[in-house]
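Residue numbers for the sequence shown follow numbering that gives the first Met the number 0, beginning at 0 and rising by one. The beta carbon of each residue, even a glycine, is placed where N, CA and C say it ideally should be. For reference, the structure is listed below as structure tokens.
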Amino acid sequence: MCEGNIHTERPRTCCGWCALTCGYIPCVIAMALIAANILPYHLCFLPLLHSACQTGSASFAYYYYCIVVMVLAEVMVYSNLLLAIFTCPGFVPHDPWAEAPVFQGRAVSDNPYEVFELDRLGRLRYCSFCKQFKPDQAHHCNICRCCVYRMDHHCPWINNCVGRGNSKFFLLFVGYIPVGAFHIVFTSLFSCVFHFPNFSSTALLEGDALKNIVIFLSILFSSIMGFCFLAFALHFLCMAYRGQTSVSRMIASKKQPEELEQLRKRQAEDRIFYMFDLFGVDQRWYRMILPFKPDHDLRRAPHGYVRRFGGSAGDYFINLV
């Protein structure tokens with residue numbers, strides 16, 4: 000049983016404290032890499048742009064635009080990263096999953112929830128580590144030592160699972176990194192061409208050579224980071240749109256053709272609920288792109304969705320908030 004968060008554990012031994020501390024090292028490295036991409040923009044590019052504004056080569060409106068967009072991107076990246084780290088991914092409670100759930104309405108049980116997935120032997124999915132049954136799309140994490148709702152993977156960079164509770168913050172984190180990275184690339188290249196007379200292939204070492212070289216390396220590093228994280232964010236979003244997770248894709252790759260067809264059909268039917276899991280039932284655009292906690296109470300979903308997917312499926316998402 001595990002109803003807390005991995006970060007709330009209090010080890011009782013020195014080895015336990017060392018292991019807990021080491022788990023945060025990748026988080027610190029991730030923050031440092033992001034800072035390494037941001038600091039050259041503030042320390043090298045913006046001072047040069049400000050000097051260009053003073054000489055009339057650039058406008059102050061463009062200068063303040065660069066600052067505002069960059070700061071907003073930084074706030075979104077770091078806030079979503081911290082939320083992905085410290086938000087509980089959605090651990091499956093022991094009650095009522097200690098009792099067998101109902102499979103497609105074919106039995107009566109003390110567990111009021113209904114499941115549609117069985118294991119490879121055609122039995123209800125049971126976790127021998129947690130000593131309880133598993134809801135659909137829930138999987139056990141050996142690192143967190145818990146079953147996690149809609150588990151995608153355990154990410155060492157956030158020292159946490161990516162699951163139902165924090166998948167939105169994880170997606171926004173990897174999605175806003177290319178926003179900031181491409182902002183650095185485009186504004187830096189634009190200013191190097193139109194605002195900085197000393198920045199060229201023949202005059203790279205003239206003027207403030209160190210700042211010129213740092214800006215060039217910043218553009219290169221930001222381009223690589225932007226394209227890598229953009230590809231990852233699009234991949235994550237496409238899987239969510241299809242009602243898939245990394246774990247479910249791996250399981251599907253081992254299915255027989257006839258089983259795979261049934262799985263894909265169930266994932267297509269489950270897709271709308273996956274989007275509810277990811278963004279909540281209130282899917283107004285500004286709530287989707289800002290780090291608001293998703294509202295998982297299906298009673299507040301649009302009426303058409305409740306009517307179409309009501310009953311046991313609706314109760315499933317209402318009661319597991």
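Rounded to whole angstroms, Ala230 and Ile176 show a C-alpha spacing of 11 Å.
Closest option to Val280, judged by alpha-carbon separation, among Asp94, Asp294 and Asn165: Asp294.
Per DSSP, Asn211 is one residue of the alpha helix (DSSP H) stretching across Ala208 to Tyr240. Scanning the stretch 45-107 from its first residue to its last, the whole alpha helix (DSSP H) runs of 4-plus residues come out as 45-54, 59-85 and 93-96. CA-CA distance, Tyr77 to Cys13, rounds to 30 Å. By the CB criterion at 8 Å, Phe128 and Trp96 fall outside the cutoff. The beta carbon of His153 is closer than 6 Å to those of Cys140, Ile142 and Cys160 in its chain, skipping five residues each way along the sequence. Checking the DSSP bridge columns, you'll see Phe132 partnered with Tyr125. Less than 8 Å divides the Cβ of Pro134 from the Cβ of Tyr112.
DSSP places Cys13 in the uninterrupted alpha helix (DSSP H) bounded by Cys13 to Gly22. If you compare the alpha carbons of Phe85, His138 and Thr186 with that of Asn158, the shortest gap goes to Phe85. Out of Phe185, Val147, His234 and Cys145, the CA that lies nearest to the CA of Gly174 is found in His234. Under the three-state reduction of DSSP output, Asn36 falls in the helix class.
Close CB contacts of Val213 within its chain, under the 7 Å cut and outside five residues either way in sequence, are with Pro39 and Cys43 (chain order).
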